[in-house]
Amino acid sequence: MGEKFLTHPLAEVLVGHGLLTEGNLRQLAENSPNGNTAFVDALLDSGLADTDRVAEVLAERFALPLVSLKEDPPSREALALLPASVAQRHRCIPVARSGGMLTLACLNPGNLRMFDDVRFATGCQVRPVLARRKDLLAALEEHYDVTVEKLVAGMRKDNDDAPAQEEYFIHDLQEKASEPTLINLVNLIISEAIEEGASDIHVEPFEREMRIKYRVDGILQEVPPPPKHLQPAIVSRIKIMAGMDIAKRHVPQDGYIRINMPSGQVDIRVATVPTIFGEGVVMRLLNKTSILLSMEELGLQDETRARFEPMMNRSFGIVLVCGPTGSGKTTTLYAVLNHIFTPEKKIITIEDPVEYQLDGINQIPVRPARGVTFATGLRSILRLDPDILLVGEIRDVETAEIAIRSALTGHLIFSTLHTNDAASAVTRLLDMGVEPYLIASSLQGVLAQRLVRRLCPACRQPFEPDEELFAQFGKTREDAAGAAFCRPVGCEACKERGYVGRMGIFELLEIDDDLRHLIVKSESSHLIKDAAKGRMTTMREDGWRKIASATTTFAEVLRQTQRDRSDGSIVAEAWDD
Numbered sequence: 031m032g033e034k035f036l037t038h039p040l041a042e043v044l045v046g047h048g049l050l051t052e053g054n055l056r057q058l059a060e061n062s063p064n065g066n067t068a069f070v071d072a073l074l075d076s077g078l079a080d081t082d083r084v085a086e087v088l089a090e091r092f093a094l095p096l097v098s099l100k101e102d103p104p105s106r107e108a109l110a111l112l113p114a115s116v117a118q119r120h121r122c123i124p125v126a127r128s129g130g131m132l133t134l135a136c137l138n139p140g141n142l143r144m145f146d147d148v149r150f151a152t153g154c155q156v157r158p159v160l161a162r163r164k165d166l167l168a169a170l171e172e173h174y175d176v177t178v179e180k181l182v183a184g185m186r187k188d189n190d191d192a193p194a195q196e197e198y199f200i201h202d203l204q205e206k207a208s209e210p211t212l213i214n215l216v217n218l219i220i221s222e223a224i225e226e227g228a229s230d231i232h233v234e235p236f237e238r239e240m241r242i243k244y245r246v247d248g249i250l251q252e253v254p255p256p257p258k259h260l261q262p263a264i265v266s267r268i269k270i271m272a273g274m275d276i277a278k279r280h281v282p283q284d285g286y287i288r289i290n291m292p293s294g295q296v297d298i299r300v301a302t303v304p305t306i307f308g309e310g311v312v313m314r315l316l317n318k319t320s321i322l323l324s325m326e327e328l329g330l331q332d333e334t335r336a337r338f339e340p341m342m343n344r345s346f347g348i349v350l351v352c353g354p355t356g357s358g359k360t361t362t363l364y365a366v367l368n369h370i371f372t373p374e375k376k377i378i379t380i381e382d383p384v385e386y387q388l389d390g391i392n393q394i395p396v397r398p399a400r401g402v403t404f405a406t407g408l409r410s411i412l413r414l415d416p417d418i419l420l421v422g423e424i425r426d427v428e429t430a431e432i433a434i435r436s437a438l439t440g441h442l443i444f445s446t447l448h449t450n451d452a453a454s455a456v457t458r459l460l461d462m463g464v465e466p467y468l469i470a471s472s473l474q475g476v477l478a479q480r481l482v483r484r485l486c487p488a489c490r491q492p493f494e495p496d497e498e499l500f501a502q503f504g505k506t507r508e509d510a511a512g513a514a515f516c517r518p519v520g521c522e523a524c525k526e527r528g529y530v531g532r533m534g535i536f537e538l539l540e541i542d543d544d545l546r547h548l549i550v551k552s553e554s555s556h557l558i559k560d561a562a563k564g565r566m567t568t569m570r571e572d573g574w575r576k577i578a579s580a581t582t583t584f585a586e587v588l589r590q591t592q593r594d595r596s597d598g599s600i601v602a603e604a605w606d607d
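According to the working numbering, the residues represented by the sequence shown are 31 to 607, in order.
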C-alpha cells in the first residue's frame, strides 16, 4: 500500500483545511499500491477532493500565484519552446517568456523532475505558477495535441513560398537553429522516436527534399519530413545539441547527447557526413533501460541455453558471439555478464563505445586518439588481475592473439566477430593470421545470431502455411504437427505494425576434440560446419521453432537467414506472407 501518502507533509495541511478525511487518505493509499504516483497527482486524479480548492491550498502552501489560463492564455512564443511530450508528461504548460525566464503553469510544484526536463527542453530558467486542473487539461488539449506530422504540416503551410537556400552564413545558421519552433521540432523528433522504441533516427538530404526516418525493430519507417529549406537549420540544431562545430559542414563529425526521459536516461550518439545535397545525420539512441536483458528475454531456447551456460561458467578460454552489425551481439554479451556476475569475480570490459553501464563491472572505453585501442587496452587490463574479460570486438590479428593468449593463461574471454555464421568465425581468425593451434587450444564455442521481430500477441492471426513455405525450411506438413502458425495483422497496441519488439535466433557451435583437429589442419568453414551437423541447431532451425510457437513469422526468419544451394553458393531469401 502507498503508506507514504498517510504521512505526506501535504496530507495534514489538506485534512486541516477540511479537504480530506483520514478515510480519504487511506483510500488514496490503497489505490496507489506501490506508492509510485506523486501524492498531488494521485489526489487530483482521485476525485476525492475539490480540485479547485486543492489548487488554492497549494498556492498558499508554496507561496505561488494561482493563474487563470482562460483569462490569460499562454503566448505562442512560450508554447513553441516546450515539446508536447514534456508538457503532456508532466501536465504543465508554458505561459510566457521574458528573456531567459519561462513562466510555467503546473498542477504539482513539488515535481522536481518536471523542472529539470523543462529546463533541458527549453534552455530557460523556470518560474512556476499554479493552475486549476480542469483549466490546465483543457489548455493542453487545445495547444499541445501535437505530433511531428502535425507540426511539419503547419510549417509547410507557413513556408510554402520560402525559397530553398544553398548556403547559409554561420550566424544565420545559429539564429535559425535557435528559433523556438525549430527547437520544438527537433526535440519532438527525438522524443517521438524514443517513445516509438526506435534505435536510430536518420536525417537524409536529397536534391528537392529531406527525409526523416526512425529505425524501429530493425525496419526504417519514414515520418513526414519538414520543408527542404529548413534542412541546414535542423542539422545545425542537432549539431549544437551534440557539441559539434556547425561551421564544419564538409567533414564528418561525431557527437553525443544525453537526455532524461521518464523511463530513464537515454544517450544519443550522433554522426554527420557530408553528401552532395547537404549533411546527413544518424542518431543512435542508446536507451539504458532497455538494453540490459535477461537470458530468457534474448530468445535463447532451453536446449541452446543448456549448452551455452557451461561455456559462460568456465574458468578460461574464449567464447565468441558473431553476426553482422545490428544483430544484437553487444546486448547478448551484456546479458551474459549480468548473468554470471558475482562479487567474487573481477570482470573488466573494453568497448567501443561503452553502451551501457554495468554495476560492479569495470568498463574501459576505446579512445584511439589517446592511444587506447583494443590491443593496448587489453594489455593494460591483464595487469589488473581480472577473472573475466569482455573485448568489444576482435578487429585485427594483434587483438586476436592477445585475447587468445590471455584465454590460455587462465582468463575467460568474451568477444565479437563480424561473420555470417558460427563456423565462419574459425576461418575469419585464420584469415587474420592467428596460428591454428592457438585457436584450437583456446576457443570454447561460437554463438551466431540474428534479430527477428516478435509477433504482437494482441492481434496475431492463426493461418495455415502452404507447402512452399514448409519447403523453404526443409519441412513437411507432418513435421508441423501440433505447431501454431500466425501472421501479423496490426492493431493499436503495436501501432498497426503487427510486431512488438525483437528477439534473437541463434546457432551455437561447441568446439570439441573432432573440431579442434579440423581447426589445427586449417580446414574450411564448410567442413567444420558439416562436422558439427547433428550437434548444432542452425539459425534457420531455431527460427523454425519460434515460428511454430507463434512468436515470429516465416517472413522474418527468411529475411534474416540464408540457404546453401546444392552447388555450394549462398542465396538470400525473403518471403512476404
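From the three backbone atoms N, C-alpha and C, an ideal C-beta is built for every residue, glycine too.
Source: prediction; values computed, not measured.
Could you tell me if PRO104 is buried or exposed, where buried requires 16 or more neighbouring beta carbons within 10 angstroms of its beta carbon?
-> The residue is buried, with at least 16 neighbouring Cβ atoms inside 10 Å.
Would GLY534 pass as a contact of LEU367 if the rule is Cβ separation under 8 Å?
-> Cβ atoms of GLY534 and LEU367: not closer than 8 Å.
Quick one, are the C-beta atoms of VAL148 and ALA135 less than 8 Å apart?
-> Contact flag unset, no.
Classification of THR362 by the beta-carbon crowding that lies within 10 angstroms, buried from 16 upward | By the 10 Å Cβ count, THR362 comes out buried.
Measure how close the beta-carbons of LEU442 and GLY347 come, nearest whole angstrom, since I'm counting them as under 8 Å.
-> Yes, they are in contact, since the Cβ atoms of LEU442 and GLY347 sit about 6 Å apart, within 8 Å.
Could you check what DSSP says for ALA192 in three-state terms: helix, strand or coil?
-> Residue confidence for ALA192 is low, a pLDDT of 49 falling below 50, so the modelled location carries little weight and cannot support an answer.
Segment limits, beta strand (DSSP E) that includes PHE536 | 529-540 is the extent of the beta strand (DSSP E) around PHE536.
Reference ILE541; option with closest CA among LEU111, PRO340 and LEU316 = Looking from the CA of ILE541, the closest CA among LEU111, PRO340 and LEU316 belongs to PRO340.
Given 8 Å, three or more beta-carbon pairs between the stretch 563-573 and the stretch 391-406 = At 8 Å Cβ cutoff, the stretches do not touch.
Candidates ASP543, ALA585, GLU465 and GLU537: closest to GLY528 by CA position = Considering only ASP543, ALA585, GLU465 and GLU537, the residue with the shortest C-alpha distance to GLY528 is ALA585.
Within 10 angstroms of the Cβ of ARG589, are there 16 or more other Cβ atoms? Answer buried if so, exposed if not.
-> That one is buried.
Are at least three pairs of beta-carbons, each pair with one atom in the stretch 90-97 and one in the stretch 158-167, less than 8 Å apart?
-> Taking 8 Å as the limit for Cβ pairs, the verdict is that the stretch 158-167 does touch the stretch 90-97.
Beta-carbon proximity list for ARG303, same chain, < 6 Å, skipping 5 on both sides | According to the sequence as given, residue 303 is Val; it is not Arg. Taking VAL303 as the centre and dropping the five residues before and after it, the same chain places the C-beta of PRO282 and GLY310 closer than 6 Å to its C-beta, in chain order.
Closest Cα partner of GLU171 within the set LEU218, LYS576, SER115 and ILE219 = The candidate whose alpha carbon is nearest that of GLU171 is SER115.
Indicate whether ILE432 and VAL464 have their beta-carbon atoms separated by less than 8 Å.
-> No.
Go through its chain and collect everything with a Cβ distance to LEU325's Cβ below 7 Å, but skip five positions before and after it.
-> Reading the sequence as shown, one finds Met at residue 325 and not Leu. Beyond the five residues adjoining it in sequence on each side, MET325 comes within less than 7 Å, by CB distance, of ARG335, ALA365 and HIS369 in the same chain, given in chain order.
Pick out whichever of LYS505, GLY248 and LEU557 has its Cα sitting closest to the Cα of TRP574.
-> Comparing Cα-Cα distances from TRP574 to each of LYS505, GLY248 and LEU557, the minimum goes to LYS505.
State the Cα-Cα distance for the pair GLY273 and GLY77, rounded to the nearest angstrom.
-> When the Cα atoms are used, GLY273 and GLY77 turn out to be separated by approximately 46 Å.
List the DSSP bridge partners of LEU447.
-> Beta-bridge pairing by DSSP links LEU447 to CYS352.
Please report how far the alpha carbon of VAL246 lies from the alpha carbon of GLN331, in whole angstroms.
-> Between the C-alpha atoms of VAL246 and GLN331 there is a straight-line separation of about 24 Å.
How many angstroms separate the CA atom of GLU526 from the CA atom of ARG409?
-> Put simply, the backbone Cα of GLU526 is about 50 Å away from that of ARG409.
Nearest-angstrom beta carbon gap, PRO466 and SER552 [assumed within contact, 8 Å] | About 5 Å; that satisfies the 8 Å criterion.
Does the Cβ of LYS278 have 16 or more other Cβ atoms within 10 Å, making it buried, or fewer, making it exposed?
-> If you draw a 10 Å sphere on the C-beta of LYS278, you find fewer than 16 other C-beta atoms in it, and that means exposed.
Neighbourhood of ALA194 by C-beta, 7 Å cutoff - its chain only, sequence neighbours within 5 removed | With a pLDDT of 46 at ALA194, under the threshold of 50, the modelled position of this residue cannot be trusted; read the value that follows with caution. If the five residues before and after ALA194 are omitted, its C-beta is found closer than 7 Å to the C-beta atoms of LYS258 and HIS259, all from its own chain and listed in chain order.
In the structure shown, what three-state DSSP assignment does ASN141 receive?
-> Reduced to three states, the DSSP call for ASN141 is coil.
Out of GLY520, GLN502 and ALA501, which has the shortest C-alpha to C-alpha gap to GLN491?
-> Here the closest residue by C-alpha is GLY520.
Please classify ALA135: does DSSP put it in a helix, a strand, or coil?
-> If DSSP states are grouped into helix, strand and coil, ALA135 belongs with the strands.
Helix, strand or coil for PRO39, going by three-state DSSP, please let me know.
-> The answer is helix: DSSP assigns PRO39 an H, G or I state.
Round the Cβ separation of ARG267 and ILE213 to the nearest angstrom and send it over; I've been treating them as touching at under 8 Å.
-> With a Cβ gap of about 7 Å, ARG267 and ILE213 count as contacting.
Could you name the residues of the same chain whose beta carbon sits closer than 8 Å to that of ALA405, not counting the 5 residues immediately before and after it, in chain order?
-> The residues are ASP426, GLU428, THR429 and ILE432.
So the alpha helix (DSSP H) LEU388 belongs to, where does it begin and stop?
-> Note, LEU388: premise wrong, no alpha helix (DSSP H); not H, not E.
Residue range of the beta strand (DSSP E) that ARG245 falls in?
-> Under the DSSP assignment, ARG245 falls in the beta strand (DSSP E) whose first and last residues are 240-246.
What are the start and end residues of the beta strand (DSSP E) that includes SER128?
-> Run containing SER128: 122-128, per the beta strand (DSSP E) assignment.
Going by the CB atoms, is the gap between LEU414 and SER436 shorter than 8 Å?
-> Their beta carbons are not under 8 Å apart, which means SER436 does not touch LEU414 by this criterion.
Alpha carbon to alpha carbon, what distance is there between HIS173 and MET131?
-> The alpha-carbon separation between MET131 and HIS173 amounts to approximately 20 Å.
Fully enclosed by the stretch 437-507, which alpha helix (DSSP H) runs are 4 residues long or longer?
-> If we require 4 residues or more, the alpha helix (DSSP H) runs fully inside the stretch 437-507 come out as 454-462, 466-472 and 497-502.
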